[in-house]
Amino acid sequence: MTLIYANGIVQVIKADELRILRKRARLTQAALAKRLGLTTNAVARWEQQVRSISKPMARLIRMVLEPKGVGR
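Heads up, my numbering is the position in the sequence shown plus 1262, with the first residue counted as 1.
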């Protein structure tokens, strides 16, 4: 699971968490991919656990999908 705190600490994000965050934001894989500047296949591979998400990309995903001020 990826956790981002105010101090910028980032850990790995898992497929099930990505799927939950994406659906909570009411985005399709294609819409999320477009916002991230990626292909739909890249998002699908993450959610299918075929590829792992890099720390910089995990941070970007959080910035795109989580409301401001939300941290864990």
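In this text, a Cβ means the ideal position worked out from N, Cα and C, and glycines have one as well.
Straight-line measurement puts the Cα of E1328 at about 7 Å from the Cα of L1283. In this structure, DSSP gives E1328 a state outside helix and strand, which the three-state scheme calls coil. K1276: not part of any alpha helix (DSSP H); DSSP gives it neither H nor E. For A1292, the closest of E1309, K1276 and R1321 by C-alpha to C-alpha distance is E1309. Apart from the 5 residues on each side of it in sequence, V1326 sits with its Cβ closer than 7 Å to the Cβ of R1297 and L1298 in its chain, given in chain order.
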